[in-house]
Amino acid sequence: MTERLVKLTNVRTPRWVKLFGIVALLMVVLLVILLATGGHGPGRHMLGR
Amino acid sequence: MILTPRLRKLALTAHVTSSVGWLGAVAGFLALAVVGVASEDAQEVRAAYLVMEPIGWFVLVPLAFASLLTGLVQSLGTTWGLFRHYWVLFKLLINVFATFVLLIYMQALSSVGDVAADPSADLGAVRNASPLLHASFALLLLIVAATLAVYKPRGMTRYGRRKAGEHVEPIP
Numbered sequence: 250m251t252e253r254l255v256k257l258t259n260v261r262t263p264r265w266v267k268l269f270g271i272v273a274l275l276m277v278v279l280l281v282i283l284l285a286t287g288g289h290g291p292g293r294h295m296l297g298r
Numbered sequence: 159m160i161l162t163p164r165l166r167k168l169a170l171t172a173h174v175t176s177s178v179g180w181l182g183a184v185a186g187f188l189a190l191a192v193v194g195v196a197s198e199d200a201q202e203v204r205a206a207y208l209v210m211e212p213i214g215w216f217v218l219v220p221l222a223f224a225s226l227l228t229g230l231v232q233s234l235g236t237t238w239g240l241f242r243h244y245w246v247l248f249k250l251l252i253n254v255f256a257t258f259v260l261l262i263y264m265q266a267l268s269s270v271g272d273v274a275a276d277p278s279a280d281l282g283a284v285r286n287a288s289p290l291l292h293a294s295f296a297l298l299l300l301i302v303a304a305t306l307a308v309y310k311p312r313g314m315t316r317y318g319r320r321k322a323g324e325h326v327e328p329i330p
């Protein structure tokens, strides 16, 4: 158990975390832009108008 | 506070049930959204959009909050912690993000329902791709969260490494 904890303390940030971080950041930025510009709502996706 | 094994299992059962239930409810919602966009039956299309708001308030929102709360109990009541492991942290972010978007989107669902309930609105105005897009995106996010929960990929945050380091001797 101690050996495992020592190993964990030396682990560098895994690649999947960096990838997830970038995607998460992009999603939050996109959400903020959509909400700030007010250009988002059900009317944006109306099919018949 | 660390939960006793019996309470931990109860909390885990509640978390899995609410999270998977949320995922299933979104899948059902997605089916309605497909019906709304693709069906040729006018009554079926209107009915699909009309039931979206009650499903949102009575199923999706409660399950989203149940998943969030039970997840908090599960992480804070066990040695996993909330900010120690990246997979737990990302699950929390996904849950908070999805719940936040869902709450904002409930207003949109209300207007979708209002249009569907208006007999003077033609079918083209009733049909709306927005629920389809949002439900697809929500389903994707919840599948990612479920995958993280099952695989528990390695990786500790700086905080987690520091906490773990408090209990061991540093490597020379």
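Taken in sequence, the protein lines are chains A and B.
Residue 282 in my numbering is what sits at position 33 of the first sequence, and the numbering runs on without skipping anything.
Residue 245 in my numbering is what sits at position 87 of the second sequence, and the numbering runs on without skipping anything.
Idealized CB from N, CA, C, for every residue including glycine.
Taking residue i as the query, report the chain A residues whose CB atoms sit under 7 Å from its CB, ordered along the chain.
{"i": "B/Leu-227", "result": "Those within 7 Å of B/Leu-227 in chain A number zero; the least Cβ separation is about 22 Å."}
Using a Cβ-Cβ distance under 9 Å, would residue i count as near chain A?
{"i": "B/Leu-251", "result": "yes"}
{"i": "B/Val-259", "result": "yes"}
{"i": "B/Ile-213", "result": "no"}
{"i": "B/Ile-301", "result": "no"}
{"i": "B/Ile-262", "result": "yes"}
On the CB-based measure, 16 or more other CB atoms within 10 Å of its CB, does residue i come out buried or exposed?
{"i": "B/Thr-228", "result": "buried"}
{"i": "B/Arg-124", "result": "This structure cannot settle anything about residue 124 of chain B, because the visible part of chain B is limited to 159 through 330."}
{"i": "B/Gly-313", "result": "buried"}
{"i": "B/Tyr-317", "result": "exposed"}
{"i": "A/Lys-267", "result": "exposed"}
{"i": "B/Pro-212", "result": "exposed"}
{"i": "B/Phe-258", "result": "exposed"}
{"i": "B/Ala-274", "result": "buried"}
{"i": "A/Arg-298", "result": "Because A/Arg-298 sits at a pLDDT of 46, beneath the cut-off of 50, its placement in the model cannot be relied upon, and the following sentence gives the value as read from the coordinates. Label assigned to A/Arg-298: exposed."}
{"i": "B/Tyr-309", "result": "exposed"}
{"i": "B/Ala-303", "result": "buried"}
Could you tell me whether any non-hydrogen atom of the ligand NAP is closer than 8 Å to the CB of residue i?
{"i": "B/Val-195", "result": "This structure does not include the ligand NAP; it has no bound ligands of any sort."}
Under 9 Å between beta-carbons, which chain B residues line up against residue i? List them in chain order, please.
{"i": "A/Ala-273", "result": "Phe-248, Leu-251, Ile-252, Phe-255"}
Quickly, what does DSSP pair residue i with across the bridge? List them, please.
{"i": "B/His-173", "result": "B/His-173 is not bridged to any residue."}
{"i": "B/Met-314", "result": "B/His-243"}
Flag residue i as yes if its beta-carbon sits less than 9 Å from any beta-carbon of chain B, otherwise no.
{"i": "A/Thr-286", "result": "no"}
{"i": "A/Val-281", "result": "no"}
{"i": "A/Val-277", "result": "yes"}
{"i": "A/Arg-298", "result": "Residue placement at A/Arg-298 is flagged as unreliable, the pLDDT there being 46, under the threshold of 50; the coordinate-derived value follows with that caveat. A/Arg-298 counts as touching chain B."}
Using a Cβ cut-off of 7 Å, pull out every chain B residue sitting near residue i, in sequence order please.
{"i": "A/Val-266", "result": "Tyr-244, Gly-313"}
Take residue i and list the residues in its own chain whose beta-carbon comes closer than 6 Å to its own, dropping the five residues that flank it on each side.
{"i": "A/Met-250", "result": "Only weak support exists for where A/Met-250 lies, its pLDDT of 49 falling under 50; the coordinates are left without a value."}
{"i": "B/Val-217", "result": "Ala-183"}
{"i": "A/Val-255", "result": "Reliability fails at A/Val-255, whose pLDDT of 49 lies under 50, so the model's placement of it is uncertain and the value that follows must be treated cautiously. The answer is none, since no qualifying residue turns up."}
For residue i, I'd like the list of residues in its chain whose CB is within less than 7 Å of its CB, leaving aside the five on either flank, ordered along the chain.
{"i": "B/Ala-296", "result": "Val-184, Ala-256"}
{"i": "B/Thr-236", "result": "Ile-160, Leu-161, Arg-166"}
{"i": "B/Arg-285", "result": "Gly-194, Val-195, Val-203"}
{"i": "B/Ala-287", "result": "Val-195"}
{"i": "B/Gln-232", "result": "Ala-169, Leu-170, His-173"}
{"i": "B/Ala-200", "result": "Leu-281"}
{"i": "B/Ala-222", "result": "Trp-180, Ala-256, Thr-257, Leu-260"}
Only counting the same chain, and skipping five residues up and downstream in sequence, which positions put a Cβ closer than 8 Å to that of residue i?
{"i": "B/Val-254", "result": "Leu-226"}
{"i": "B/Trp-215", "result": "Met-264"}
{"i": "B/Leu-290", "result": "Leu-188, Ala-191, Val-192, Gly-194, Val-195"}
{"i": "B/Leu-261", "result": "Val-219"}
{"i": "B/Leu-300", "result": "Ser-177, Trp-180, Leu-181, Val-184, Ile-252, Ala-256"}
{"i": "B/Thr-315", "result": "Phe-241, Arg-242, His-243, Tyr-244, Leu-247"}
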